[in-house]
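S.K.: So the protein sequences, as listed, match chains A and B.
Each residue of the first sequence is one higher than the one before, starting from 54 at the first, in our numbering.
Each residue of the second sequence is one higher than the one before, starting from 195 at the first, in our numbering.
No residue lacks a Cβ here, since even glycine has one placed at the ideal position from N, Cα and C.
Before I ask anything, let me first share the structure, which is written out below as structure tokens.
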Amino acid sequence: YLYNNRYAGDQIFRITPSNDEEVQVLQKILGHMKVDFWQPNSVTLICQNETVDVHVKRNDTRGLHARLKQQHLDYRVFISNLQKEIEKQTGYRSSRKRR
Amino acid sequence: SESQYDYEVYHSLEEIQSWMFEMNRTNSGLVDMFSIGKSYEGRPLYVLQIGKRSRHQKKAVWIDCGIHAREWIGPAFCQWFVKEAINSYQHDSVMRRLLHQLNFYIMPVFNVDGYHFSWTTDRFWRKTRSKNHRFHCRGVDANRNWKVKWCEEGASSHPCDDTYCGPFPESEPEVKAVAKFLRKHKKRIKSYISIHAYAQMLLYPYSYKYASIPNFNCVESAAHNAVTALYSAYGVRYRYGPASTTLYVSSGSSIDWAYRNGIPYAFAFELRDTGHFGFLLPESLINPTCTETLRAVKAIASGLLKKC
């Protein structure tokens with residue numbers, strides 16, 4: 054596996070806060086998690102009606118799902134298994150090449 | 195060899211550097227290769243100069259790719275541009291005119307250490323790989339490290355943040371080397387273009403404040419022509435405008451620095467997509483993404499040869 058399979062089960066969440074209150078709730082939730090912001094670049098740049106893409110580690114996905122549902126925040130998972138997507142991007146080819 | 199090089203796959207740093215040497219070796223009339231310095235980990239910072247040799251001082255366009263390590267479509271585009279420029283020189287009159295009247299400085303991988311690290315260890319690494327002994331986190335955001343409104347809104351002074359501005363402006367040897375080169379050639383360099391991903395946008399100064407640049411009309415027109423050209427390829431719409439309003443406010447960015455240092459047309463492209471694959475744009479989309487972006491860059495370069 055590429056990268057020693059470190060991304061297995063990690064997910065990319067796409068969250069769209071629709072008002073200021075949701076922005077603040079989302080900043081609070083993500084501010085207390087160790088997530089990797091894909092866009093925007095940091096928690097302070099979150100603003101309403103702009104999509105937030107975050108990379109969530111596999112052990113944190115269940116908790117984030119629960120919190121987002123609890124807060125009725127609009128979200129979806131646009132990459133459900135990051136490792137698989139990485140393998141698809143170059144994995145099949147480059148492993149063949151290495152072999 | 196050059197003819198076997200596959201431009202529709204992502205390449206490692208070593209492959210890209212070997213390719214650069216090969217392009218330089220096999221296209222001596224149009225290509226020149228040089229290094230502008232060394233990275234934090236000691237790797238050479240290679241640049242290709244593309245253009246018909248001339249005794250006269252020619253205007254120039256600078257294009258850098260891969261400031262942020264995980265944005266792999268950037269280096270793919272830089273390689274695509276070089277290949278297209280050389281291959282179409284004979285039969286495309288627009289490209290031939292551009293290469294006769296302009297030089298293009300192409301830096302396929304700006305953040306060489308970060309790019310290598312994103313291939314070997316962390317696919318989603320963004321920053322450089324510098325180390326400050328006082329902090330356990332590594333790396334500086336090379337697009338927050340330029341000496342323009344450094345480390346103010348939209349940048350972080352915390353070393354563990356992805357938008358860390360660094361201990362001081364141009365602290366990163368990669369940024370310092372490019373800034374030094376651009377300063378040295380700024381009379382001739384009329385356009386600075388930086389390739390990023392992902393958002394499908396074409397951005398121009400300012401990033402650090404909500405204000406219009408003095409030559410707004412000309413830059414806005416150039417951006418409009420560029421995204422119109424891009425759209426003509428596959429119908430993909432790009433948003434364009436000042437970075438501060440089109441994306442968000444950020445300080446210490448390369449396009450603001452280039453503009454403040456006298457380069458009249460400074461742009462940052464945010465290439466495909468808008469969040470279906472994000473940084474993991476499949477290799478099957480390299481061709482259309484690079485084809486459309488090439489049209490935009492040619493439009494910007496052609497605009498430089500006209501009066502605005």
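On the DSSP letters alone, give me the boundaries of the alpha helix (DSSP H) that residue 444 of chain B sits inside.
M.R.: Along the second sequence, one-based indexing puts residue 444 of chain B at 250. No alpha helix (DSSP H) holds residue 444 of chain B; DSSP gives it neither H nor E.
S.K.: Would you please verify whether the beta carbon of residue 260 of chain B is less than 8 Å from any beta carbon of chain A?
M.R.: To locate residue 260 of chain B, count along the second sequence from 1; it is residue 66. No, residue 260 of chain B does not count as interfacial toward chain A.
S.K.: With 16 as the cutoff for other CB atoms within 10 Å, does residue 359 of chain B come out buried or exposed?
M.R.: Counted from its first residue, the second sequence places residue 359 of chain B at position 165. It is buried - the Cβ of residue 359 of chain B has at least 16 other Cβ atoms within 10 Å.
S.K.: Measure the alpha-carbon distance for residue 451 of chain B versus residue 260 of chain B and round it to whole angstroms.
M.R.: As a position in the second sequence, residue 451 of chain B is number 257, starting the count at 1. As a position in the second sequence, residue 260 of chain B is number 66, starting the count at 1. Residue 451 of chain B and residue 260 of chain B: Cα-Cα distance of roughly 17 Å.
S.K.: Write down the C-beta distance between residue 230 of chain B and residue 242 of chain B rounded to the nearest angstrom, noting that I regard them as a contact closer than 8 Å.
M.R.: Taking the second sequence and counting its residues from 1, one reaches residue 230 of chain B at position 36. Taking the second sequence and counting its residues from 1, one reaches residue 242 of chain B at position 48. At roughly 11 Å, the Cβ-Cβ gap does not stay under 8 Å, so residue 230 of chain B and residue 242 of chain B are not in contact.
S.K.: Which residues of chain A have a Cβ atom closer than 7 Å to the Cβ of residue 393 of chain B, listed in chain order?
M.R.: In the second sequence, residue 393 of chain B corresponds to position 199, counting from 1. Residues of chain A passing the Cβ test: 92.
S.K.: Does residue 152 of chain A get closer than 8 Å to chain B when you measure Cβ to Cβ?
M.R.: Numbered from 1 along the first sequence, position 99 holds the residue referred to as residue 152 of chain A. Because residue 152 of chain A carries a pLDDT of 34, less than 50, the predicted location of this residue cannot be relied on, and no value is offered for it.
S.K.: Could you pull out every unbroken beta strand (DSSP E) segment of at least 3 residues lying fully inside the stretch 265 to 291 of chain B, listed in chain order?
M.R.: Runs found: none.
S.K.: Starting from residue 83 of chain A, find everything on chain B with Cβ-Cβ shorter than 8 Å and list it in chain order.
M.R.: By one-based count along the first sequence, residue 83 of chain A stands at place 30. Within chain B, no residue comes near residue 83 of chain A; the closest Cβ sits about 13 Å away, beyond 8 Å.
S.K.: Please classify residue 104 of chain A as buried or exposed, where buried requires at least 16 other C-beta atoms within 10 Å of its C-beta.
M.R.: Here the question's residue 104 of chain A lines up with position 51 in the first sequence. With 16 or more Cβ atoms within 10 Å of its Cβ, residue 104 of chain A is classed as buried.
S.K.: For the beta strand (DSSP E) containing residue 213 of chain B, name the first residue and the last one.
M.R.: As a first step, residue 213 of chain B must be located in the second sequence, where it is residue number 19. Taken as a continuous stretch (DSSP letters only), residue 213 of chain B belongs to no beta strand (DSSP E), being part of the alpha helix (DSSP H) at 207 to 220.
S.K.: Can you check whether the C-beta of residue 439 of chain B is within less than 8 Å of a C-beta belonging to chain A?
M.R.: To locate residue 439 of chain B, count along the second sequence from 1; it is residue 245. With 8 Å as the cut-off, residue 439 of chain B does not count as an interface residue toward chain A.
S.K.: Give the residues from the stretch 100 to 134 of chain A that approach chain B closer than 9 Å (Cβ to any Cβ), ordered along the chain.
M.R.: The stretch 100 to 134 of chain A vs chain B, Cβ under 9 Å: 100, 103, 104, 106, 108, 131 and 132.
S.K.: Do the CB positions of residue 113 of chain A and residue 67 of chain A come within less than 8 Å of each other?
M.R.: Mapped onto the first sequence, residue 113 of chain A falls at position 60. Mapped onto the first sequence, residue 67 of chain A falls at position 14. No, Cβ-Cβ distance for residue 113 of chain A and residue 67 of chain A is not below 8 Å.
S.K.: Counting only beta-carbon separations shorter than 8 Å, does residue 317 of chain B have a partner in chain A?
M.R.: The residue labelled residue 317 of chain B in the question sits at position 123 within the second sequence. Yes, contact with chain A.
S.K.: Are the beta-carbon atoms belonging to residue 470 of chain B and residue 262 of chain B less than 8 Å from one another?
M.R.: The sequence position of residue 470 of chain B within the second sequence is 276, counting from 1. The sequence position of residue 262 of chain B within the second sequence is 68, counting from 1. Their beta carbons are not under 8 Å apart, which means residue 470 of chain B does not touch residue 262 of chain B by this criterion.
S.K.: I'd like to know if residue 470 of chain B contacts chain A, where contact means its C-beta is closer than 8 Å to some C-beta of that chain.
M.R.: Within the second sequence, the letter at position 276 stands for residue 470 of chain B. True, the Cβ-Cβ gap to chain A drops below 8 Å.
S.K.: Determine whether the Cβ of residue 463 of chain B lies closer than 8 Å to any Cβ atom of chain A.
M.R.: Locating residue 463 of chain B in the second sequence gives position 269, where the first residue counts as 1. Output row for residue 463 of chain B: interface = no.
S.K.: Cβ atoms of residue 397 of chain B and residue 461 of chain B: under 8 Å apart, would you say?
M.R.: Here the question's residue 461 of chain B lines up with position 267 in the second sequence. Here the question's residue 397 of chain B lines up with position 203 in the second sequence. Their beta carbons are under 8 Å apart, which means residue 461 of chain B touches residue 397 of chain B by this criterion.
S.K.: Residues of chain A with a CB under 9 Å from the CB of residue 356 of chain B: which are they?
M.R.: Position 162 of the second sequence, counted from the start, is the residue given in the question as residue 356 of chain B. Within chain A, the residues near residue 356 of chain B are 89, 90, 94 and 95.
S.K.: Per DSSP, what are the beta-bridge partners of residue 178 of chain B in this structure?
M.R.: The requested residue 178 of chain B is not part of the displayed model; chain B covers only 195 to 502.
S.K.: Which value, in whole angstroms, describes the spacing of the CA atoms of residue 61 of chain A and residue 226 of chain B?
M.R.: As a working note, residue 61 of chain A is residue 8 in the first sequence. As a working note, residue 226 of chain B is residue 32 in the second sequence. Their backbone Cα atoms lie some 43 Å apart in a straight line.
S.K.: Can you pull the chain B neighbours of residue 65 of chain A, defined as C-beta to C-beta under 8 Å?
M.R.: Within the first sequence, residue 65 of chain A is the residue found at index 12, counting from 1. What residue 65 of chain A touches in chain B: 472.
S.K.: Taking buried to mean at least 16 other C-beta atoms within 10 Å of its own C-beta, is residue 119 of chain A buried or exposed?
M.R.: Numbered from its first residue, the first sequence carries residue 119 of chain A at position 66. Under this definition residue 119 of chain A is an exposed residue.
S.K.: Alpha carbon to alpha carbon, how far is residue 90 of chain A from residue 96 of chain A?
M.R.: Taking the first sequence and counting its residues from 1, the one referred to as residue 90 of chain A is at position 37. Taking the first sequence and counting its residues from 1, the one referred to as residue 96 of chain A is at position 43. Each residue's Cα considered, the two are about 8 Å apart.
S.K.: Write down the C-beta distance between residue 300 of chain B and residue 388 of chain B rounded to the nearest angstrom, noting that I regard them as a contact closer than 8 Å.
M.R.: Reading the second sequence from its first residue, position 106 is the one you call residue 300 of chain B. Reading the second sequence from its first residue, position 194 is the one you call residue 388 of chain B. So it is not a contact: roughly 12 Å between Cβ atoms.
S.K.: Using the DSSP secondary-structure output, state which residues sit across from residue 255 of chain B in a beta bridge.
M.R.: The residue given as residue 255 of chain B occupies position 61 in the second sequence. B/298 and B/385.
S.K.: Can you check which of these residues, B/418, B/318 and B/400, is closest to residue 348 of chain B by C-alpha distance?
M.R.: Walking along the second sequence from the start, residue 348 of chain B turns up at place 154. Nearest of B/418, B/318 and B/400 to residue 348 of chain B, Cα basis: B/400.
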